[in-house]
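Peer 1: One structure, pasted below without further comment.
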Ligand SMILES: Nc1ncnc2c1ncn2[C@@H]1O[C@H](COP(=O)(O)OP(=O)(O)OP(=O)(O)O)[C@@H](O)[C@H]1O
Ligand SMILES: [Mg+2]
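Protein chains in written order, with our numbering: chain A, 1 to 267; chain B, 268 to 534.
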């Protein structure tokens, strides 16, 4: 049995439009999947249906052998603690310190009084320090989140998600608000972390080249349906046309390769 | 590039498109104002009579009498300040649950409707009307004033807190929900840091308002400095009344000054 199984997941926001139409998808332990598709294809909806920030209209989401769709509110809260999420707009709490933001990843594990008084268990604090070290922010522990640059904020977002000790990461366009170089660094950090912890992840990405460079398996979504599921190397112009529509793709793919080479040389 | 073919003037399109309608509206406003002014009856002989009293009142400000009624003034002041402080604190404590309950992004529909309805009732009565009712129910004195100001504070603050909560950045709340945080943890982490600077400012502002209102509602029987002022006016002791008014002005200015400092520090 796969670690995560989506069965015929359908989401209908308005009467005459399906945001997701019968999406079926299996993800194995340790696998990182890049989700690509044009704006409005339903990428965000799909990952939000997994931890039920959006309620799926139909279908089942089985995570580690349990159907999340049937869970009560309390059980759902429990299940969410093991699913980390990273957002395009970082979704940090701006007025709180970097440390508080990272510790907020523990909220589902600690009682209210601990979180209210910021008296987290010692091992939580220790893990938070270790994670901040891992993402390179050990010098910024006591800074307020709104004093950081975009790239640094996303690193805090990553540390917060990892503080949950998740068994799955849901990542919604982690680099869309960043410059190309920072975007690459963040993508590299995410893929390294997933590798070293054999942490499965679903990553929504706009940038096809970024996806090809850092993710092995790609799922293409169009109008709420899966139209491609395969290796990044199988993304041919024909496939991209299928996902995004008619356009001259040969340049995009070629350029992607060159950029990747240049990047490797610089590194 | 040649630009000769393009126009050289541009005018902002008027808010009301039809010229005819625009000028008719202006004309209607003018005519109504004129007629409305004409309908106000002025008893000129009474005005002349009163002008003399008004002059005496103005002169009293030049020579206010703090001394002869000082014990009464002091007692009224202490009553008013006590009433102000207690009602502000009680009002804030009660406004928080109503404010949270009246925020559409935090609670289910029926809680929202109940809290908004309570707030609407509280806000639709002017303080003086509530004070008259409270004085009738609880008898003349400071307790009536305390209840009046508490009730008014709840309506005022709960509405502003709720509006403030609804205007917060939703990403932080989503992120906290995704960690599996409980409702109170979500409020404590995602909402409280975003609204507290403005809310503290609003509480200080309300303290200001409550002090001024305590002077007004005293006139209709709710005790405090307003009652002292009322007595002075009834006895035509304009110099004592002037002293009381000067003290009120001074206290309001002091409060304004300190709340300004505090608000700056918590930004
Ligand atoms: N809360 C909502 N209410 C109604 N319709 C929605 C809502 N959220 C998304 N939709 C619709 O569902 C469809 C899929 O949206 P979604 O945000 O999942 O797309 P996306 O692939 O993430 O796009 P983008 O790349 O722009 O982020 C769109 O047509 C969108 O208009
Ligand atoms: Mg999206």
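Cβ coordinates follow ideal geometry from the N, Cα and C atoms, glycine included.
1. Taking Cβ-Cβ distances shorter than 7 angstroms, what residues in chain A pair up with residue 341 of chain B?
2. Do you know how far the Cα of residue 182 of chain A is from the Cα of residue 195 of chain A?
3. Would residue 282 of chain B be called buried (16 or more neighbouring beta carbons within 10 Å of its own) or exposed?
4. Which term fits residue 321 of chain B, buried or exposed, when burial requires 16 or more other beta carbons within 10 angstroms of its beta carbon?
5. Going by the CB atoms, is the gap between residue 481 of chain B and residue 355 of chain B shorter than 8 angstroms?
6. How is residue 11 of chain A classed by DSSP in three states: helix, strand or coil?
7. Check each candidate in B/498, B/471, B/508 and B/506 and name the one with the smallest Cα separation from residue 524 of chain B.
8. Should residue 330 of chain B go down as buried or exposed, given a rule of 16 or more other Cβ atoms within 10 Å for buried?
9. Is there a Cβ from chain A that is less than 8 angstroms from the Cβ of residue 446 of chain B?
10. Which whole-angstrom value is the C-beta distance of residue 55 of chain A and residue 177 of chain A, which I expect to be below 8 angstroms?
11. CB of residue 14 of chain A to nearest heavy atom of ligand 1: below 7 angstroms?
12. Assign residue 133 of chain A to buried or exposed, taking buried as 16 or more other Cβ atoms, counted over all protein chains shown, within 10 Å of its Cβ.
13. Use the C-beta contact count for residue 126 of chain A: other C-beta atoms within 10 angstroms, 16 or more gives buried, fewer gives exposed.
14. Residue 372 of chain B CB to nearest chain A CB: under 8 angstroms?
15. Any C-beta of chain E sitting closer than 8 angstroms to the C-beta of residue 434 of chain B?
16. Please tell me whether residue 81 of chain A has its Cβ less than 8 angstroms away from any Cβ of chain B.
17. If you drop the 5 nearest sequence neighbours on each side, which residues of the same chain put their C-beta closer than 8 angstroms to that of residue 443 of chain B?
18. Which chain A residues sit within Cβ distance under 8 angstroms of residue 455 of chain B?
19. Counting only beta-carbon atoms, is residue 51 of chain A nearer than 8 angstroms to chain B?
20. Hey, residue 27 of chain A and residue 205 of chain A are a contact pair by Cβ (cut 8 angstroms); roughly how many whole angstroms apart?
21. Specify, as a first and last residue, the run of the alpha helix (DSSP H) that residue 209 of chain A falls within.
22. If residue 219 of chain A sits next to residue 229 of chain A, beta carbons under 8 angstroms apart, how far is it from one beta carbon to the other, in whole angstroms?
23. Please confirm whether residue 481 of chain B has its beta-carbon closer than 8 angstroms to some beta-carbon of chain A.
24. Around the Cβ of residue 503 of chain B, are there at least 16 other Cβ atoms within 10 angstroms (buried) or fewer (exposed)?
25. Count the other CB atoms, across all protein chains shown, that sit within 10 Å of the CB of residue 316 of chain B; report buried if there are 16 or more and exposed otherwise.
26. Would you say residue 43 of chain A touches ligand 2, meaning its beta carbon is less than 7 angstroms from a heavy atom?
27. Using a threshold of 7 angstroms, is the CB atom of residue 206 of chain A nearer than that to any non-hydrogen atom of ligand 1?
Peer 2: Let me spell this out:
1. Taking the first residue of the second chain as 1, we reach residue 341 of chain B at position 74. Around residue 341 of chain B, no beta-carbon contact reaches into chain A at under 7 angstroms, the shortest distance being about 42 angstroms.
2. As a position in the first chain, residue 195 of chain A is number 195, starting the count at 1. As a position in the first chain, residue 182 of chain A is number 182, starting the count at 1. Between residue 195 of chain A and residue 182 of chain A, the alpha-carbon positions lie close to 20 angstroms from each other.
3. The sequence position of residue 282 of chain B within the second chain is 15, counting from 1. Taking every protein chain shown into account, the CB of residue 282 of chain B has fewer than 16 other CB atoms within 10 angstroms, so this residue is exposed.
4. Position 54 of the second chain, counted from the start, is the residue given in the question as residue 321 of chain B. Residue 321 of chain B is exposed by the Cβ-count criterion.
5. As a first step, residue 355 of chain B is located in the second chain; it is residue number 88 there, counting from the start. As a first step, residue 481 of chain B is located in the second chain; it is residue number 214 there, counting from the start. In this structure, residue 355 of chain B keeps its C-beta atom at 8 angstroms or more from the C-beta atom of residue 481 of chain B.
6. Stepping through the first chain from its first residue, residue 11 of chain A is reached at position 11. In this structure, residue 11 of chain A counts as strand in the three-state DSSP scheme.
7. Position 257 of the second chain, counted from the start, is the residue given in the question as residue 524 of chain B. Residue B/471 is the option with its Cα nearest to residue 524 of chain B.
8. The residue labelled residue 330 of chain B in the question sits at position 63 within the second chain. Only exposed fits residue 330 of chain B, as fewer than 16 other CB atoms lie within 10 angstroms of its CB.
9. The residue you call residue 446 of chain B lines up with position 179 of the second chain. In terms of beta-carbon proximity, residue 446 of chain B lines the interface with chain A, with at least one pair separated by less than 8 angstroms.
10. Working through the first chain from its first residue, we reach residue 55 of chain A at position 55. Working through the first chain from its first residue, we reach residue 177 of chain A at position 177. Actually they do not touch by this definition, with Cβ atoms about 27 angstroms apart.
11. In the first chain, residue 14 of chain A corresponds to position 14, counting from 1. Yes.
12. Indexing the first chain from 1 puts residue 133 of chain A at position 133. The residue in question, residue 133 of chain A, is exposed, as its Cβ has fewer than 16 Cβ neighbours within 10 Å.
13. To locate residue 126 of chain A, count along the first chain from 1; it is residue 126. Exposure of residue 126 of chain A is indicated by the presence of fewer than 16 other C-beta atoms within 10 angstroms of its C-beta.
14. Counting from 1 along the second chain, the entry for residue 372 of chain B is found at position 105. Not an interface residue.
15. Included in the structure are the protein chains A and B, with no chain E among them.
16. Sequence index remark: in the first chain, residue 81 of chain A carries index 81 (1-based). Judged by the 8 angstroms Cβ criterion, residue 81 of chain A is in contact with chain B.
17. The count along the second chain starts at 1 and reaches residue 443 of chain B at position 176. Answer for residue 443 of chain B: 452, 453, 456 and 457, listed in chain order.
18. One-based indexing of the second chain puts residue 455 of chain B at position 188. Result: 112, 115 and 116.
19. As a first step, residue 51 of chain A is located in the first chain; it is residue number 51 there, counting from the start. At a cut-off of 8 angstroms, the C-beta of residue 51 of chain A has a neighbouring C-beta in chain B.
20. Along the first chain, read from residue 1 onward, the residue named residue 27 of chain A stands at position 27. Along the first chain, read from residue 1 onward, the residue named residue 205 of chain A stands at position 205. Here residue 27 of chain A is actually not in contact with residue 205 of chain A; their C-beta atoms are around 16 angstroms apart, not less than 8 angstroms.
21. What you label residue 209 of chain A is simply residue 209 of the first chain in a count that begins at 1. First-last of the alpha helix (DSSP H) with residue 209 of chain A: 208-214.
22. Translated into the one-based positions of the first chain, residue 219 of chain A becomes position 219. Translated into the one-based positions of the first chain, residue 229 of chain A becomes position 229. With 8 angstroms as the limit, residue 219 of chain A and residue 229 of chain A qualify as a contact, their Cβ atoms being about 5 angstroms apart.
23. As a first step, residue 481 of chain B is located in the second chain; it is residue number 214 there, counting from the start. No, residue 481 of chain B does not count as interfacial toward chain A.
24. Walking along the second chain from the start, residue 503 of chain B turns up at place 236. It counts as exposed.
25. Your numbering for residue 316 of chain B matches position 49 in the second chain. Its Cβ having fewer than 16 others within 10 Å, residue 316 of chain B is exposed.
26. Against the first chain, residue 43 of chain A aligns to sequence position 43. For ligand 2, at least one heavy atom lies less than 7 angstroms from the Cβ of residue 43 of chain A.
27. As a position in the first chain, residue 206 of chain A is number 206, starting the count at 1. Under cutoff, so the answer is yes.
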